[in-house]
Amino acid sequence: MALDSTLPPKITGPAAWVGADLADNENAWLFKLSSEDIAELETAARHYLSLERDIGEITADDFPLERFANHLKDLQYKLLYGNGIEVLRGLPIGNYTQEFVATIFCGIGAHMGSARSQNAAGHILGHVRDTGANSSDTNARIYQTSERQSFHTDSADVVGLLCIREARQGGRSLLVSAATIYNQMRAQRPDLLEKLFDPIATDRRGEIPEGEKPYMNIPVLNWYEGYLTVFYQRQYIDSAQRFEGAMRLTAAHIEALDMFDTLADNPDLHFSMQLQPGDMQFVYNHSQLHDRTAFTDWPEPEKRRHLMRLWLSVPGDRPLPECFKQRYGSIEVGNRGGIITSETKLHAPLD
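Add 11 to a position in the sequence shown, counting from 1, and you land on the number used in the working numbering.
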């Protein structure tokens, strides 16, 4: 079976970067907050906290920004149509309470889009840390361990991370362009690339919306309305094979997935960064995959690695194919993504 004739021979543009494009140009991915930016964010946070409402209810109007709002508009555009990555650096979180940090992070998110639930419990503010979860448990989440995650996508348009504390060693953030992987496979093994457009099953890991199967049938690569959209979590693809109705992976599918992983792991293609306390990283989930290296944590609980996470749905975003309804529920632009079950009630836990 040949590749779809509508697929481009090569994808170009700022989202089709290789590692050196970012490693050699800090300005391509890093924005350093000025004292004026920080003061504006702090004033907005104090205003919201004076309203005495749950942080999960925050809106852009409730978090008033003036000059810095213009940068967040630029950032939104960069994520959707640029290289898909930016880190905001310089937030002095050592001066803040956990509630104040969360308010700033969620307030920034509210200017870029709407926050989405990250689990069946309705948490719009996630906490990424080692909880001692067993990665072999088919209901566990890899981010709840200290192990290497492997390159993957999340279930939202944009993924935001705020670093509270670093690990004792390791835990580097890795990013790779889906378009770059596509280009490499198109040039080297188009026969394997074709397999990634099949409806490959991905395990829901126990978070099953009412009336849905315990797995989703969404291709790793999707070409729709002129956009290449990626959906990938290799561990969950492998564990979905336990379900009787899931599409069986052939030897060619496994070879294609292995090549995809090998290309993502290539240090010439991906980009690595160490997030510092106060860093806020935003990544466009439809064109980029992210990963985290294994880490060794501190023995003291109060010093252990901790990141806050946001999932955002962004207005003006690309259309998604119908199959994404299995994951997102709705594919309405600006109102999609997240994990919703009958038990879900949106809120923002601080710990």
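By construction, the Cβ of each residue, glycine as well, lies at the ideal position given by its N, Cα and C atoms.
Establish whether the CB of residue i and some CB of chain C are separated by less than 8 angstroms.
i, result
"His-134", "As a matter of chain content, chain C is missing from the structure shown, which is built from one protein chain."
Residue i by DSSP, collapsed to three states: which one?
i, result
"Pro-19", "coil"
"Ser-46", "helix"
"Ala-257", "coil"
"Gln-244", "strand"
"Leu-239", "strand"
"Leu-52", "helix"
"Ser-250", "helix"
"Arg-197", "helix"
"Phe-74", "coil"
"Glu-266", "helix"
"Asp-209", "coil"
"Arg-57", "helix"
"Gly-349", "coil"
"Ile-219", "coil"
"Arg-338", "helix"
"Asp-272", "helix"
"Trp-309", "Note that Trp-309 has pLDDT 48, beneath the 50 cutoff, so the model's placement of it is unreliable and the number below is only indicative. In this structure, Trp-309 counts as coil in the three-state DSSP scheme."
"Leu-204", "helix"
"Val-112", "helix"
"Tyr-130", "Sequence check: residue 130 is Asn here, not Tyr. Here Asn-130 sits in coil by DSSP."
"Ala-31", "helix"
Excluding sequence positions up to five away, which residues of its chain have a Cβ less than 8 angstroms from the Cβ of residue i?
i, result
"Thr-70", "Ala-121"
"Asp-272", "Ser-161, Phe-162 and Arg-245"
"Asp-279", "Val-29, Gly-30 and Ala-31"
"Asp-72", "none"
"Phe-254", "Ala-212, Asp-214, Lys-224, Pro-225 and Tyr-226"
"Met-258", "Asp-209, Pro-210, Ile-211, Ala-212 and Asn-228"
"Leu-203", "Met-196, Ala-263, Glu-266, Ala-267 and Met-270"
Identify, in the order they occur along the chain, each residue of the same chain with its Cβ nearer than 6 angstroms to the Cβ of residue i, setting aside the five sequence neighbours on each side.
i, result
"Leu-185", "His-281, Ser-283 and Asp-302"
"Glu-63", "none"
"Tyr-238", "Arg-329"
"Leu-378", "This structure gives no information on residue 378, because the portion of the chain shown stretches from 12 to 362."
"Ala-262", "none"
"Phe-74", "Ala-55, Tyr-59, Gly-118 and Ala-121"
"Gly-124", "Leu-323, Ser-324 and Val-325"
"Val-364", "Since the first residue shown for the chain is 12 and the last is 362, residue 364 is missing from the structure and cannot be characterised."
"His-82", "none"
Which residues share a DSSP beta bridge with residue i?
i, result
"Asp-328", "DSSP, once it has assigned bridges, lists no residue as partnering Asp-328."
"Ile-96", "Val-294"
"Tyr-226", "Asp-214"
"Gln-299", "Ser-188"
"Ser-283", "Leu-185"
"Met-319", "His-138 and Leu-173"
"Trp-234", "Leu-239"
"Leu-41", "Val-98"
"Ser-125", "Ser-324"
"His-163", "Gln-244 and His-301"
Can you tell me whether residue i is buried or exposed, with buried defined as 16 or more other CB within 10 angstroms of its CB?
i, result
"Pro-230", "buried"
"Thr-23", "exposed"
"Gly-327", "exposed"
"Ala-31", "exposed"
"Asp-35", "exposed"
"Thr-17", "exposed"
"Ser-324", "buried"
"Thr-108", "exposed"
"Arg-78", "exposed"
"Gly-371", "The structure shown does not extend to residue 371, since the chain spans only 12 to 362, so no value can be given for it."
"Gln-287", "exposed"
How about residue i: is its Cβ closer than 7 angstroms to a heavy atom in the ligand GTP?
i, result
"Gln-246", "Looking for the ligand GTP in the displayed structure turns up nothing, as the structure carries no ligands at all."
Leaving out five residues before and five after residue i in sequence, what residues of the same chain have Cβ atoms less than 7 angstroms from its Cβ?
i, result
"Ser-188", "Ala-26, Ala-27, Trp-28, Ser-298 and Gln-299"
Within 8 angstroms, do at least three Cβ pairs link the segment 342–352 to the segment 160–173?
yes
Do the segment 112–127 and the segment 41–60 meet, that is, are 3 or more Cβ pairs less than 8 angstroms apart?
yes
With a threshold of 8 angstroms, are at least 3 pairs of Cβ atoms found where one atom belongs to the segment 222–230 and the other to the segment 263–273?
no
Taking 8 angstroms as the cut-off, does the segment 22–33 touch the segment 188–203 (at least 3 CB pairs, one atom from each stretch)?
yes
Measuring CB atoms only, is the segment 108–115 touching the segment 325–343, in the sense that at least three cross pairs come out at less than 8 angstroms?
no
Count the C-beta pairs between the segment 34–50 and the segment 212–223 that are closer than 8 angstroms, then say yes if the count reaches three, no if not.
They do not touch, by the three-pair rule.
Any contact of the segment 43–50 with the segment 82–101, i.e. 3+ C-beta pairs under 8 angstroms?
yes
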